[in-house]
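Count along the sequence shown from 1, add 635, and you get the number used in our numbering.
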Amino acid sequence: MKARVHVMLKDGVLDPQGEAVRHALGHLGFSGVEAVRQGKVIELDLAATDKAAAEAEVKAMCEKLLANTVIEKYTIEIA
């Protein structure tokens, strides 16, 4: 199975990288961009064959390592 984890800063947490990208886009002539939030995507190849078990395992990975749950939120896709 494959899992894809999307990790983003929580709403209300300042995103200096996103702001730097927004600023750079403005300098490149893309003046219509009002805000940018930058995150990360993590793709995992799993040995699990049960979707529910795979999702539970990936959730544990996120809680322990892949996301800083104090300032980040995450979503999981299992395929």
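Quick reminder that beta carbons are idealized off the backbone N, C-alpha and C, glycines included.
Asked	Found
Exposed unless 16 or more other CB atoms sit within 10 angstroms - verdict on M638	Checking the sequence, you will find Ala at residue 638 rather than Met. A638 comes out buried.
Residue from C697, A683 and R672 with nearest C-alpha to I711	C697
Candidates L679, Y709, R657 and V705: closest to M636 by CA position	L679
Boundaries (first-last residue) of the beta strand (DSSP E) holding M643	K637 to L644
Euclidean distance between Cα positions of A683 and I713	11 Å
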